[in-house]
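Structure first, then comments.
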Amino acid sequence: MAASIKDVAREAGVSIATVSRVLNDVDVVNEETKKKVLTAIEKLGYRPNIVARSLKTQRTRTIGIIIPDISNQFYPEIVRGAEDVANIYDYNIMLCNTDLDIEKEMEYLKVLKEKMVDGVLYMSNSLEPKILDLIKQLQLPMVLVETTNEKESIPSVTIDNEKAAYEGVTYLIKNGNKNIAYIGENPDMANASAVRYKGYRKVLEENNLKLDKSKVYFGNVKAKDGYKGMSEILSKTKVDSVFCTSDEVAMGAINALRDNNIRVPEDVDVMGFGNIYSASIFYPKLTTVAQPTYDMGSVGMRMLIKLINKQELEKKNYVLSHKLIERDSCKK
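With UniProt numbering as the guide, the letters of the sequence shown map in order to residues 1 to 332.
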């Protein structure tokens, strides 16, 4: 039969209340008594009733992480950074994959509230008004990772996506390119990927290059979207380079170019975004904009734990550094 808190108290020669204080790390217990309790816990193999503790403290020491697409190599490194920090502070993780489905995102938010998670680290496919309304209604401590909402009312950690795209497209122009295609998400989407279109447009405008809609394709961020987008663009016009808002999209675009007997980078430069693991082993190795994915997860989790414990944040919105990685998919 499993040991109870009464058994621990009897073994240590203290009250049940003292055992409870030790379990909840309350400072009023002196070190000698605390040591007796911990020794009794170890001897008896006592494990607290998590459900009972949660009902009493209104804390489960569980944090929900919502990601849009578990098959996307970009997200596991973020989750790894978040989990490493959560482990340091003795929090458990509940991972929710939404398959790029807004309705599924909303359902998971409700489920996490019902499961009494202490907070949510949220990577949203699109922060639509109904999502923001639900977040406000549920009143869960929350930190956004990879994106931010327009009013910046929800704490977040991200990069400057517009600036990163601006620098990426500028690199293509410095390589002598003028007919630059764009494959990415629709700018009406309220997420990080969609913001990159602003950087693309800004570079064209500043360099007196006409925005040609035949060179622009809006879709999702998978390799198949890159293939489809590149194929459609090639059916309408010629390009000398393409800026892609994810590395997977860039890989799909390169495969479409190959199938049309167009060489990369000899005929067309291709730039990705994200610097996922495959970017360094794909052929040709991708020139890309690197995001500090592990740091995004770890910083976001530290922020969230502070919120949960009602501690003041040094910053509400962290913008981490990005970096352009030169490899083989663009001419040098």
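We put the beta carbon where it would ideally sit given N, CA and C, even for glycine.
Minimum C-alpha distance to residue i - residue among the options
i    : options                   : result
G297 : N87, V14, K43 and G13     : N87
N317 : V28, L304, A9 and P284    : L304
G252 : Y227, I65, K315 and T148  : Y227
A279 : C244, E266, V299 and M301 : C244
N125 : T98, L109 and E107        : T98
A40  : V29, S4 and I70           : S4
G199 : G168, L307, E185 and N175 : G168
N309 : I16, L140, S71 and Q73    : L140
I102 : P129, G81 and E114        : P129
A82  : Y283, S156, M301 and I262 : M301
G176 : K331, M116 and E114       : K331
L138 : M116, V221, E146 and K151 : M116
L132 : E146, E114 and E152       : E152
M189 : Y171, S71 and V221        : V221
P76  : E32, E107, E31 and E146   : E146
G219 : E32, L209, E42 and S246   : S246
K43  : E11, N72 and V85          : E11
A250 : M106, Y283 and T237       : Y283
Own chain residues within Cβ distance below 7 Å of residue i, not counting five before or after
i    : result
Q231 : Residue 231 is actually Ser in this sequence, not Gln. The answer, listed in chain order, is A256.
L23  : P48
R61  : D90, Y91, N92 and D118
M142 : G119, V120, Y122, I135 and I154
L55  : With a pLDDT of 48 at L55, under the threshold of 50, the modelled position of this residue cannot be trusted; read the value that follows with caution. Nothing meets the Cβ criterion.
Q311 : none
Q291 : I159, G274, N275 and H322
D295 : G81 and L320
L209 : K178
E105 : I66, T98, S124, N125 and I131
K238 : N179
K236 : S214
Cβ neighbours of residue i in the same chain (closer than 6 Å, five flanking residues each side left out)
i    : result
V195 : N161 and E162
K213 : none
L204 : L211
A164 : V289 and H322
L100 : P68, D69 and N125
I254 : V264 and V270
P187 : A194 and Y197
F74  : G274 and I276
E185 : S193 and A194
V19  : I5, V8, A9 and V37
Beta-carbon proximity check, residue i vs residue j, cutoff 9 Å
i    : j    : result
G119 : I63  : yes
I159 : L320 : yes
A181 : Y217 : yes
G272 : T293 : no
D267 : S329 : no
I281 : E248 : no
N149 : I173 : no
G45  : A2   : yes
L95  : I65  : yes
L127 : L144 : yes
8 Å contact criterion, which residue i and residue j should meet: CB distance rounded
i    : j    : result
N179 : D240 : 5 Å
Y166 : K215 : The Cβ separation is near 17 Å, so there is no contact.
V157 : V37  : Going by Cβ atoms, the distance from V157 to V37 rounds to 38 Å, so no, they are not a contact pair.
I242 : I325 : It is worth fixing the name first, because residue 242 is Val in this sequence and not Ile. Contact flag wrong, Cβ pair sits at about 17 Å.
Spatial neighbours of residue i in its chain, beta-carbon cut-off 8 Å, leaving aside the 5 residues before and after
i    : result
K285 : A279, R327, D328 and S329
K224 : G252
S15  : A9
V28  : R21
K6   : I16
L313 : P155, M303, K306 and L307
L234 : A256, L257, N260 and I262
Contact test: residue i Cβ vs the ligand FMN heavy atom, cutoff 8 Å
i    : result
V239 : What this structure holds is no ligand at all, so the ligand FMN is not there to describe.
I'd like the ranges of any alpha helix (DSSP H) spanning at least 4 consecutive residues and lying wholly in the region 286–313. For the region 286–313, whole alpha helix (DSSP H) runs of length 4 or above, ordered along the chain, are 293–308.
Hey, which unbroken runs of the beta strand (DSSP E) at 3 residues or more fall wholly within the region 146–213? Listed in chain order, the complete beta strand (DSSP E) runs (minimum 3 residues) inside the region 146–213 are 156–159 and 180–184.
Whole runs of the alpha helix (DSSP H) within the region 67–116, excluding any shorter than 4 residues: The DSSP assignment places 74–88 and 102–114 as complete runs of the alpha helix (DSSP H) inside the region 67–116, in order along the chain (cut-off: 4 residues).
In the region 226–277, which residue ranges form an unbroken alpha helix (DSSP H) of at least 4 residues, counting only runs that do not cross its ends? DSSP runs (the alpha helix (DSSP H)) wholly in the region 226–277: 247–259.
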